[in-house]
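This report refers to the structure that appears directly beneath it.
Numbering (the working numbering), first residue to last: 8 to 322.
What follows is the structure in structure tokens.
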């Protein structure tokens, strides 16, 4: 087993780092640990508009990213430790087999963890980790979160209360579970840095397994980050087709909006509100790209200083 340190808390870089290692290191088993600044990460097949409130996150400066594996949406912050296990694929999907070494390491550190449901790790009945997998070219990526000392209030607000029932879609939907942090359950308190080191020492005990990427390899990761993970096409363009419908009040008048979207492009828009130029709204929405930046420009053109109010109704 070998390991690499990302040396970064940039979530875009870290997803590119993980994908690069998965794609380019084909012979040896690899174990990675990494932390990211606050962000929301959705599964490859998920609908962002259903899973989160994109306008709220945009205003908070919390980015939404799409990863290469399936599964549900997860909140990352610096109190959460992400792990990645990359191995040769041997047989079909077996989460128990992939989780076993993680559970063994957690138990050795003093975490009273157990597998719960298919792909979760829990303490008692409360979830501390969710995981997902991707297989390609005979290799398996199994990765997950470890809630060590995360902001659970922010997690609940973003992940649980952030679902948007105005969206009808066939995209994968996240399961809602009670969660807890690892730290309060430890017999011996430790920082996340100490926890990370102990977990790494258990998973990669051989000092010879600690590797560093070359400058050229890091440059490739930066390129992958910039060309893929920063791109609208990867994050929003892969959003599963959906329909949106919202009733409300805008500028004191009854409001109704409906539209469809496929490959991240809006179509079939319909707006009914006496406080808006509905014909102009339909012209601007049809063909528009999904996302708070694009919709904010449309709302500015339609509503001026009331654009923030309109944006909340349209996305």
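Just so it is clear, CB atoms sit at the ideal spot from N, CA and C, and this is done for glycine as well.
Measure the beta-carbon distance from residue i to residue j and round it to whole angstroms, keeping in mind my assumption that it falls under 8 Å.
{"i": "residue 86", "j": "residue 156", "result": "4 Å"}
{"i": "residue 59", "j": "residue 71", "result": "6 Å"}
{"i": "residue 77", "j": "residue 143", "result": "13 Å between Cβ atoms; not a contact."}
{"i": "residue 302", "j": "residue 322", "result": "5 Å"}
{"i": "residue 27", "j": "residue 226", "result": "Between residue 226 and residue 27 the Cβ distance is about 11 Å, and since that is not below 8 Å, they are no contact."}
{"i": "residue 207", "j": "residue 10", "result": "7 Å"}
{"i": "residue 64", "j": "residue 165", "result": "7 Å"}
{"i": "residue 246", "j": "residue 55", "result": "6 Å"}
Taking all protein chains shown into account, decide if residue i is buried (16 or more other Cβ within 10 angstroms of its Cβ) or exposed.
{"i": "residue 172", "result": "exposed"}
{"i": "residue 84", "result": "buried"}
{"i": "residue 98", "result": "exposed"}
{"i": "residue 294", "result": "exposed"}
{"i": "residue 268", "result": "buried"}
{"i": "residue 243", "result": "buried"}
{"i": "residue 230", "result": "exposed"}
{"i": "residue 222", "result": "exposed"}
{"i": "residue 328", "result": "Because residue 328 is not part of the residues shown, which for the chain are 8 to 322, the question remains open."}
{"i": "residue 149", "result": "buried"}
{"i": "residue 211", "result": "buried"}
{"i": "residue 125", "result": "exposed"}
Grouping DSSP H, G and I as helix and E and B as strand, with all else coil, what is residue i?
{"i": "residue 154", "result": "strand"}
{"i": "residue 319", "result": "helix"}
{"i": "residue 52", "result": "coil"}
{"i": "residue 18", "result": "helix"}
{"i": "residue 209", "result": "helix"}
{"i": "residue 172", "result": "coil"}
{"i": "residue 88", "result": "strand"}
{"i": "residue 123", "result": "strand"}
{"i": "residue 66", "result": "helix"}
{"i": "residue 252", "result": "strand"}
{"i": "residue 281", "result": "coil"}
{"i": "residue 137", "result": "strand"}
{"i": "residue 75", "result": "coil"}
{"i": "residue 2", "result": "Residue 2 lies beyond the range of the chain shown here (8 to 322); nothing can be said about it."}
{"i": "residue 308", "result": "helix"}
{"i": "residue 189", "result": "coil"}
Report the residue from the options whose alpha carbon sits nearest the alpha carbon of residue i.
{"i": "residue 289", "options": "298, 282, 278 and 297", "result": "278"}
{"i": "residue 255", "options": "219, 210, 148 and 280", "result": "280"}
{"i": "residue 154", "options": "51, 209, 314 and 192", "result": "192"}
{"i": "residue 186", "options": "218, 174, 198 and 161", "result": "161"}
{"i": "residue 263", "options": "303, 18 and 317", "result": "317"}
{"i": "residue 40", "options": "33, 14 and 246", "result": "14"}
{"i": "residue 118", "options": "190, 124, 33 and 125", "result": "190"}
{"i": "residue 145", "options": "257, 319, 30 and 126", "result": "30"}
{"i": "residue 194", "options": "27, 96, 246 and 115", "result": "115"}
{"i": "residue 131", "options": "46, 188 and 54", "result": "188"}
{"i": "residue 137", "options": "89, 32 and 253", "result": "89"}
{"i": "residue 299", "options": "319, 124, 176 and 253", "result": "319"}
Quick one: what's got a C-beta closer than 8 Å to residue i's C-beta in the same chain, skipping five residues either side?
{"i": "residue 103", "result": "122"}
{"i": "residue 307", "result": "314"}
Cutting at 7 Å between CB atoms, please list the residues of its own chain near residue i, excluding the five before and the five after it.
{"i": "residue 292", "result": "266, 273, 276 and 305"}
{"i": "residue 158", "result": "84 and 86"}
{"i": "residue 236", "result": "19, 22, 23 and 72"}
{"i": "residue 175", "result": "249 and 250"}
{"i": "residue 270", "result": "244"}
Please return the same chain residues whose Cβ sits closer than 6 Å to the Cβ of residue i, not counting the five positions on each side in sequence.
{"i": "residue 205", "result": "116"}
{"i": "residue 93", "result": "29, 37 and 148"}
{"i": "residue 310", "result": "317"}
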